[in-house]
Amino acid sequence: MKEETTRGSPAATANAVDNAFPDGETVGPYAFVKQGCIVVRHRPEGPYPVVVPCPGVRLIVNGRECTQPTPVSMKDTVRVETVEERREGNWSVSVSSDGLQAILRTRPTVIVHRELPDLPPARILQLAVVEREERLPPLTWDELLRELSRLGINYGVDWEACFRGVTSCAEEEVVIARGIPAEPGKDGWVELLFSSNSKVPVLAGEDEAVDFRERYVFTSVEAGDVLAIKHPPEPGRPGTSVRGEVIVPPSPRDFILSVGEGAVLTRDGDRAVAARPGRPVASRWRNLVKVSVLPELVHDGDVDLASGNIVFKGDILIAGNVAEGMVVEAGGNVRVGGLVSGARVQATGSILIRGNILSSVVIAGGAPAFLQGMLPQVHTLAAGLQEMTLAIRQLLAHPAFKQGDLKRGIGPLVKLLLEGKFRHLPAAASTFKKQVETMPPGMAAEGLEEFIREVERVLVRSPLAVRDLQEIEALARRAGEWEQAFASPPSAESDVVASSVHNSTVVATGDVLVVGSGCYNSRIQAGKKVTVSGVFRGGEIQAGGDVHVGELGSRGGATTRVVTGPAAVVTVGYAFENTSIVVGGRVYRFDREEKGIRLWLDKEGNLRSKGIPAWEITDLPQNRR
Numbered sequence: 140m141k142e143e144t145t146r147g148s149p150a151a152t153a154n155a156v157d158n159a160f161p162d163g164e165t166v167g168p169y170a171f172v173k174q175g176c177i178v179v180r181h182r183p184e185g186p187y188p189v190v191v192p193c194p195g196v197r198l199i200v201n202g203r204e205c206t207q208p209t210p211v212s213m214k215d216t217v218r219v220e221t222v223e224e225r226r227e228g229n230w231s232v233s234v235s236s237d238g239l240q241a242i243l244r245t246r247p248t249v250i251v252h253r254e255l256p257d258l259p260p261a262r263i264l265q266l267a268v269v270e271r272e273e274r275l276p277p278l279t280w281d282e283l284l285r286e287l288s289r290l291g292i293n294y295g296v297d298w299e300a301c302f303r304g305v306t307s308c309a310e311e312e313v314v315i316a317r318g319i320p321a322e323p324g325k326d327g328w329v330e331l332l333f334s335s336n337s338k339v340p341v342l343a344g345e346d347e348a349v350d351f352r353e354r355y356v357f358t359s360v361e362a363g364d365v366l367a368i369k370h371p372p373e374p375g376r377p378g379t380s381v382r383g384e385v386i387v388p389p390s391p392r393d394f395i396l397s398v399g400e401g402a403v404l405t406r407d408g409d410r411a412v413a414a415r416p417g418r419p420v421a422s423r424w425r426n427l428v429k430v431s432v433l434p435e436l437v438h439d440g441d442v443d444l445a446s447g448n449i450v451f452k453g454d455i456l457i458a459g460n461v462a463e464g465m466v467v468e469a470g471g472n473v474r475v476g477g478l479v480s481g482a483r484v485q486a487t488g489s490i491l492i493r494g495n496i497l498s499s500v501v502i503a504g505g506a507p508a509f510l511q512g513m514l515p516q517v518h519t520l521a522a523g524l525q526e527m528t529l530a531i532r533q534l535l536a537h538p539a540f541k542q543g544d545l546k547r548g549i550g551p552l553v554k555l556l557l558e559g560k561f562r563h564l565p566a567a568a569s570t571f572k573k574q575v576e577t578m579p580p581g582m583a584a585e586g587l588e589e590f591i592r593e594v595e596r597v598l599v600r601s602p603l604a605v606r607d608l609q610e611i612e613a614l615a616r617r618a619g620e621w622e623q624a625f626a627s628p629p630s631a632e633s634d635v636v637a638s639s640v641h642n643s644t645v646v647a648t649g650d651v652l653v654v655g656s657g658c659y660n661s662r663i664q665a666g667k668k669v670t671v672s673g674v675f676r677g678g679e680i681q682a683g684g685d686v687h688v689g690e691l692g693s694r695g696g697a698t699t700r701v702v703t704g705p706a707a708v709v710t711v712g713y714a715f716e717n718t719s720i721v722v723g724g725r726v727y728r729f730d731r732e733e734k735g736i737r738l739w740l741d742k743e744g745n746l747r748s749k750g751i752p753a754w755e756i757t758d759l760p761q762n763r764r
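In this text, residue positions in the sequence shown follow this note's numbering: the first is 140, and each later residue adds one.
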């Protein structure tokens with residue numbers, strides 16, 4: 140709020156004869172300010188000086204206020220009044236949202252005093268003022284005490300800060316009361332006494348030779364080992380607000396320790412103990428930690444017709460070989476002491492094969508990426524067949540439907556539905572079939588190709604031959620089972636380690652390491668790194684991380700390809716012609732033998748190399764944007 144007051148100065152008149160210029164003086168008219176008065180000088184016949192008012196000053200000539208430049212004469216009554224301005228201050232007291240602070244905010248009252256200084260003679264006299272601010276506190280001690288009482292602020296009041304706030308002539312915020320914050324408690328936790336990593340790398344000493352086949356030791360425990368300890372939560376301490384209220388600290392989080400197979404809890408429930416030897420695992424969901432011990436199945440001989448296939452939820456140790464046509468599936472890790480020939484080995488965890496992989500499929504981790512890419516088509520088939528089953532059942536149960544029209548089966552009804560509401564299913568079936576046909580050799584799971592043939596028969600080639608509803612129901616059920624199989628999430632960093640790979644497919648969600656002579660006419664797919672210490676001749680490597688190959692391709696010209704992501708580095712000791720390397724979509728093809736190659740993408744996405752002349756990289760059409 141502004142208030143203005145005026146302060147007058149003595150009038151200056153120009154009607155005295157002695158104010159006229161002396162005879163012979165040629166100086167023009169002028170006016171000046173002296174001791175707050177305006178003095179006017181000019182010849183009797185004129186011309187006259189002009190006075191220009193300014194903000195903060197009232198110019199009054201002959202009793203009339205002038206706001207524009209005004210000529211004045213010695214006969215005029217000229218008075219100047221300065222205007223004082225008052226801006227009222229304000230103040231407030233507030234309590235923070237957590238109740239721990241009371242804050243006094245002040246803005247002082249400001250009084251602007253103005254004075255008219257002496258100004259030298261001028262024909263056009265521009266008035267000016269000198270301002271001086273006076274600041275006053277906006278509140279009194281009694282007003283602050285009444286406000287504290289009204290707000291109920293009675294704890295932790297800083298009276299010294301209150302005095303500073305009351306006497307302050309500045310715009311500021313002052314904390315005038317502080318509460319005591321509540322001290323939070325300590326959450327409970329579960330301490331695992333084993334490594335959460337299922338495989339622990341073996342570190343060789345400086346003078347030791349590294350045996351890559353003994354690179355990892357799988358975590359295991361014996362019966363009676365303590366697996367986990369539950370630590371209870373610790374309560375916090377309450378606090379006090381500036382209003383004297385108790386601030387209750389948040390309740391600390393508690394954890395529940397539970398056990399699965401192969402483990403037991405102590406009577407107090409604070410310790411989990413192994414009930415059998417095996418591999419310990421832990422899972423967490425919200426505040427529940429579950430500890431189990433997966434057993435290890437030890438098979439002393441070969442996996443062959445005598446033993447049959449081995450399917451086990453835990454770890455599998457095979458002392459001998461995995462023979463042709465056999466299947467090994469594990470819910471944990473797999474270790475094979477011999478070779479794998481013409482077989483399929485799949486594990487949720489990692490796979491270590493001391494011998495060679497010959498004409499086989501080895502998969503470590505969950506469903507590979509290309510299987511998950513087929514999931515939308517499988518889902519379409521499963522959902523569509525299920526809806527078709529319901530639609531046929533409703534039509535068959537409708538009173539207006541003539542059962543006699545379907546004496547030779549429900550084929551006409553199926554064909555009618557496929558041409559109407561479910562016309563998308565034949566296309567989904569055809570797409571799914573093409574996807575399966577383009578899978579790497581040996582990757583199709585048992586029964587998948589037979590399922591594709593049945594889907595194609597019912598939905599594409601011979602829908603009129605469907606006899607009864609049970610055929611559609613069975614097909615819908617099988618489609619749902621394949622959808623669940625394809626939707627299984629991959630395990631984290633499951634690796635494959637082998638001596639050499641021949642005419643095989645190797646897939647891992649983690650690393651693939653080939654420590655022997657190398658790979659021949661094979662496909663390797665890894666979510667992380669691929670390391671082939673020997674040769675890689677014929678086939679393809681797909682890796683999410685870096686790739687290292689000792690020797691790539693062959694003089695015979697077998698097509699060999701390496702594909703990696705944009706952040707990867709590809710290192711090749713020696714490369715033959717007719718091989719190619721793709722890094723983040725950028726391709727380099729070898730048209731002659733090279734050695735000591737290192738390829739990567741720079742920050743701009745250009746392919747860079749070490750060991751290849753720069754002009755060969757920059758001139759490649761594949762590298763141009």
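Every residue, glycine too, gets a C-beta built ideally from N, C-alpha and C.
Segment limits, beta strand (DSSP E) that includes residue i
i      : result
His370 : 365 to 370
Phe675 : 669 to 682
Ser601 : Note, Ser601: premise wrong, no beta strand (DSSP E); not H, not E.
Asp454 : 454 to 457
Val473 : 473 to 475
Asn748 : Residue identity differs from the one stated: residue 748 is Ser in this sequence, not Asn. Counting along the chain, the beta strand (DSSP E) containing Ser748 begins and ends at 746 to 749.
Thr710 : 709 to 714
Val726 : 725 to 728
Ala170 : 169 to 173
Pro260 : 258 to 261
His438 : 435 to 438
Residue i - partner residues in DSSP beta bridges
i      : result
Asn229 : Arg246
Gly378 : Ile386
Ile395 : Leu427
Ala482 : Looking at the DSSP assignment, Ala482 forms no beta bridge with any residue, so it has no partner.
Trp739 : Arg747
Asn495 : Ser639
Lys325 : Glu373
Gly504 : Gly504 pairs with nothing; no bridge assigned.
His687 : Thr670, Thr710
Closest by C-alpha distance to residue i, when choosing among the options
i      : options                        : result
Leu555 : His438, Ala604, Ser288         : Ala604
Gly440 : Gly408, Lys452, Ile292, Val475 : Val475
His252 : Glu270, Leu529, Pro260, Leu264 : Glu270
Thr324 : Tyr169, Arg317, Asn472, Pro372 : One point to set straight first is that residue 324 is Gly, not Thr, in the sequence displayed. Closest by alpha carbon: Pro372.
Asp741 : Asp730, Pro705, Glu732         : Pro705
Glu384 : Arg274, Leu404, His518, Gln240 : Gln240
Val234 : Pro186, Leu287, Glu254         : Leu287
Glu610 : Ser231, Ser638, Ile531         : Ile531
Pro188 : Glu576, Arg747, Val172         : Val172
Leu290 : Pro276, Trp298, Gly238         : Gly238
Glu227 : Arg246, Asn745, Glu184, Ile319 : Arg246
Glu743 : Phe729, Tyr727, Gly723         : Gly723
Ala613 : Ile177, Thr528, Gly689         : Thr528
Thr670 : Asn660, Gly696, Tyr659, Val654 : Val654
8 Å contact criterion, which residue i and residue j should meet: CB distance rounded
i      : j      : result
Ala503 : Ala647 : 4 Å
Ile242 : Glu310 : Contact flag wrong, Cβ pair sits at about 14 Å.
Val599 : Ala568 : 6 Å
Arg218 : Trp230 : With a Cβ gap of about 39 Å, Arg218 and Trp230 do not count as contacting.
Glu595 : Lys572 : 6 Å
Ser480 : Leu497 : 4 Å
Thr221 : Leu264 : No, Thr221 and Leu264 are not in contact; Cβ-Cβ is about 16 Å, not under 8 Å.
Residue j beta carbon less than 8 Å from that of residue i
i      : j      : result
Val636 : Val501 : no
Leu436 : Ile455 : yes
Asn448 : Val467 : yes
Trp280 : Val314 : no
Asp367 : Leu396 : Reading off the sequence shown, one finds Ala at residue 367, where the question assumed Asp. Contact flag set, yes.
Phe96  : Ala714 : It is not possible to answer for residue 96, since the shown part of the chain is limited to 140 through 764.
Gly649 : Gly666 : yes
Gly375 : Glu330 : no
Range of the contiguous alpha helix (DSSP H) that encloses residue i
i      : result
Phe302 : 298 to 306
Leu290 : 280 to 290
Ser569 : 563 to 576
Glu463 : Unbroken run through Glu463: none, as it is neither H nor E.
Check: residue i C-beta below 7 Å from any heavy atom of the ligand SAM
i      : result
Gly684 : For the structure depicted, the ligand SAM is absent and the ligand set is empty, with no information on it obtainable.
Minimum Cβ-Cβ distance from residue i to chain C less than 8 Å
i      : result
Val420 : Structure shown: chain C not included; a single protein chain is present.
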